[in-house]
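Protein chains in written order, with our numbering: chain A, -2 to 730; chain B, -2 to 730. Glycine included, each C-beta is placed from N, C-alpha and C at the ideal position.
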């Protein structure tokens, strides 16, 4: 295939300051988890994007000094020579693939939680952080010496960054970092020359950029990533007010070589990393589009918007919204997105679905994962490449039973590795339960999980996909003639109300007309009456999506969850605020910390999770050793949807295991199970599970993963700093 | 001082299996944060307790295999040779001080979140974990081969543990780990020989202990830490039912050398690590006391209960409840507790206050901190010793202004280091705002923060404490005659309603009779009328304690918080469940996700945090770019208590800074500020801040902390495993 000439514009080099990027693909800063602690994982994660064609790759946000320490969250850090060494390797890998390496200089002031350093940040004024209010995070008000000291910190960090090999110094002016704290009236209550008028509120930011221009401007590109609208009205930055004013100022003062634009703030950075349930590709355009016109032709603009379509990218550039396509999540789902566009292989693009699983793992202080790209985060520690697969030395035939996400991914990777694969799906279409998921409100993009794999399977010559073949019996499998078998038969939702730590609910029976499982709903079982109660024991998207579906159909909806938060996994995917806004707007009545103790036609009896007293009054036989304070009541409900918990569809696995003696005589070498039929899990995990088995299919014990490289301190290895090392002097006199 | 002979019993050696501990002090497993990733921090943290006299020191819970990986939470791990090396150093340090080293073998089965390994656990039956339901954690049902395989994992881990140098192999049978999953009907739904009757449900646990006895019983002590009551009634383990049955079985089968007993479960391990707000010292005794009688004299029993009084310890032993005093938090607050008892220095014991700040940092995936012991977690990385202080080479005089927690701690450490210190407190008593805090319900033990420091200050010859001296002016300070000055003047609560991300509330004015700050309440300002509203922007203990105080006084109480959870920091301190039980029992009406928009006599207008729609409809000038869906309403309230946010009392600092030119002529070398008067913070942090300044008082720039040892992987250092390393074979055939 050849590249479509209309996409050529995406591959034009762009000069900014002393640097030139080879194309218009710019991997903006994004968290991933390795941070400062796992340098190999971080370097190869970013390096894979460089290899895949991103002209610029960035670190995650990078703390410039221990008094702006975001631990326990994992950031990059450029505090000492150890960081120079670790980030130096990242730069080396990026440069090897012809990309520029960028570092985002980040100082969080009064928002820094500092649970490692135990220091505290400086801020224009003193306030409790709205980000971590319950952790009592405050800063202290800066005086003129503090202003100079903090600017010295940035310059000092820039020196170490240059030493590490970075090409671009990007000042974070988003996520409520210090430049924004000075700029936004909601944070800046000063009455001196740094507060009040726009000229005063922008002074710190300007002085900071001038200092960096002076110290490094002739050698490195000086840029900022700026939140042109913080969505707070006049108390924050509004695009058409202070947003544009700041860009004019920076243009006139000549202090930036390029500007990257985004929206939102730190408390709700889900407006930047907008989940597809609430934000469609390009949603920031109405806010960022005024930036380019203000900056003129001399200062390139980077803008994000979860862009995965090259046509949309070209349109954004032609319309003068941006010069360079910024991307975080699209580069996670497909590090080779630019290469695939360049080679005209658009059908091979693994498009981001906007599920924010990547973010959700970081938010749990874990390591990055991706639904679409199972190799994300595994580049270094397991040596996985998203586009290259080691050919097996022992090719053979594999029967994969079940064409849901796990089965599709496993068949795809086995095919890439040179196995002869038959993927057999009972239903007439691929996708398994995911076909039902994508019928729910707001998640149509999630269908890309299916379509990407379907296209890839179609292209693999050694893979046959058999659809609509009905359920296979153990006999069918044993006699099929495959050398090896992989079962991917999925899971089901309990129809009896079994939930987290709770047994069946009296009256819960999905064979009854007024009780439904989630996929009975999507498959058309009639919903009785007007009042619907959704019982959510999962807390991810399913319960809340069904509640919304019911509200959209005009039902009176009650949403009940055992967790303390509605759809609590949304805390991690950054959807929680918009989830609650949506429920309020649509009039859904919510009970948190409750569970159903019985279901009758017309009503559900709820129980409060904390109905028993705090005091322990036991031991006593046969009862919880606490006082019962009541807390049970009835809620009217004509129909109940049970999103309580799942069980593996493993009947086929169990029967085959029981007949293990027959495997050899049927020339079956081994049988494996993957995905939900082993353990019900998030979609990203079942895809990973299928991918992992296929990668390690010819290892000694493929049912279990091989060891991976654990990056941690091994006792006896050197440390930086050592005790007694001096602190870098940044204090202004 | 000499030891009181009645405490001699605490220092008798105890033999268990092939090992003997030198005394009856046993540091039970507890998390701290370093886990497998920071071996130096972990070794020296545990090692400090060995040095302080704990006869036995333990790791935190230690994962035996990647399929039971608790990441992102930081556990110990004994997976590979790297772990052997890291834990080997821990054993070396423990042995150097004459203590035994114990490892807790931990396999979490269907509860393991595995966000690093991405594997999945095995369980007696398949269910969604009640611990992490929203993260969709399930296990898979074990067959007979799985039982053998998992037992092999334990034995394999035990081999590595022996190689590292451990003396004690303790099987975790608590926190919903696998032995408990088999034992408890709520987790075990099997119908084979491992499910149903007690004999069947205990079979796995027994077989596991037998295997460890066989493999290591002649060389290492084989023990278990067993939850004798899980507080779930008959669905779990009840002390007087299966609890005792299990101990009888183990005694009869001869499979344990010692048993450690506790209560609670994993979802609510706050019943084990009971915060002092809900659990007083020894609260587990009614549940654990039957254990010793069952086990007889041959099998020593360890029991916890946040014991800090040697008299209470002796009484528990004499009463036959336990043989050995187990402790986690008392050993954190004072690693030298045994030594101080042994030397008869009871007044030097730094007693745990049960605030659970230690736990709260781990729960945030951070590193341990302690309110009472500022050196906790700093033993290795900063080289701090809780009982030893480097004498300064440049002694001089120091004026400390303010005798709250920060000032007291700073004065104490300066005194220990040889400075001449005057600590001046305006009020007639030491303690600062903490004196008001300890008047609140349930927190009287927190007064130990004051009393410990008061006693130590009294003993320091070079420290003078001046009480009731009134507020010092800048002139007073300048003319005082000290070489250096430390300001610790504290903070105040806003009386105008300024909160997290929110400005003053119209009508909020603590000069009015119906509006109060927290310490106006404790200081006796009259509460108007019957209906009291507490507005909580902090989310720690203060708002909820005031709500309880009001309810106890017969008021009708409404509790309003901007956070999504009541007293949300209780999620980290493990108090959240009992907090909610208490509020329900006392009839406090709660609004979460709300804030006050105005206060009138008799009512407060509340606004829902998610009243604006999820869609972005901007940009538009002067308003939040979202639809307004209403969500404001009035609540009756005769009085309002504002727990909204604080500000530093830094007027003295500001004036002295402005008069810096006068310092030299008054022979003042430097002036510092610590604690709340720099940045309002949790009590543990302000004490640390005062301690830190005193430790580094003669460094080159004492206002800012010196660098510390950062344990992380440095690029170029070796890793274990490497790619291609084989996986330990544990599979049963």
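Residue-level contact to chain A via CB, residue i, 9 Å cutoff
i	result
residue 132/B	yes
residue 92/B	no
residue 685/B	yes
residue 121/B	no
residue 82/B	yes
residue 356/B	no
residue 647/B	yes
residue 682/B	yes
residue 726/B	yes
residue 559/B	yes
residue 734/B	As displayed, chain B neither begins before -2 nor continues past 730, which places residue 734/B out of reach and without an answer.
Residue i (DSSP reduced to helix, strand or coil)
i	result
residue 766/A	The structure shown does not extend to residue 766/A, since chain A is modelled only from -2 to 730, so the question has no answer here.
residue 352/B	coil
residue 9/B	coil
residue 477/B	coil
residue 53/B	strand
residue 669/B	strand
Rounded separation between residue i and residue j - CA only
i	j	result
residue 723/B	residue 64/B	16 Å
residue 149/A	residue 341/A	47 Å
residue 360/A	residue 475/B	49 Å
residue 625/A	residue 529/A	29 Å
residue 443/A	residue 434/A	8 Å
residue 589/A	residue 563/A	7 Å
residue 369/B	residue 400/B	16 Å
residue 15/B	residue 166/B	12 Å
residue 470/A	residue 486/A	12 Å
residue 69/A	residue 259/A	25 Å
residue 270/A	residue 78/A	32 Å
residue 690/A	residue 699/A	6 Å
residue 366/B	residue 608/A	33 Å
Nearest to residue i (by Cα), restricted to the options the options
i	options	result
residue 229/A	325/B, 498/B, 725/B, 130/B	498/B
residue 32/A	45/A, 23/A, 56/A	56/A
residue 582/A	598/B, 606/B, 563/B, 567/B	606/B
residue 58/B	72/B, 46/B, 48/B	72/B
residue 703/B	718/A, 698/A, 699/A	718/A
residue 392/A	413/A, 730/A, 450/A, 640/A	413/A
residue 42/A	90/A, 175/A, 267/A	90/A
residue 468/B	649/B, 659/B, 199/B, 278/B	649/B
residue 441/A	22/A, 277/A, 62/A, 251/A	277/A
residue 344/B	37/B, 451/B, 531/B, 466/B	451/B
C-beta neighbour in chain B for residue i, strict 9 Å
i	result
residue 273/A	no
residue 624/A	yes
query: Hey, which unbroken runs of the beta strand (DSSP E) at 3 residues or more fall wholly within the segment 165 to 227 of chain A?
result: 165 to 170, 218 to 226
field: Entirely enclosed beta strand (DSSP E) segments - the segment 245 to 282 of chain A, minimum 3 residues
entry: 255 to 260
task: Taking only runs that begin and end inside the segment 96 to 167 of chain A, name each unbroken beta strand (DSSP E) of 3 or more residues, in chain order.
output: 97 to 103
- request: Please specify which runs of the beta strand (DSSP E), each continuous and at least 3 residues long, are wholly inside the segment 572 to 648 of chain B, giving them in chain order.
  value: 586 to 588, 591 to 597, 599 to 605, 629 to 634, 636 to 640, 643 to 645
field: Complete beta strand (DSSP E) runs within the segment 369 to 450 of chain A (minimum length 3 residues, chain order)
entry: 394 to 398, 417 to 421
- request: Kindly provide the ranges of any beta strand (DSSP E) runs that are 3 or more residues long and lie completely inside the segment 541 to 575 of chain B, ordered along the chain.
  value: 553 to 558
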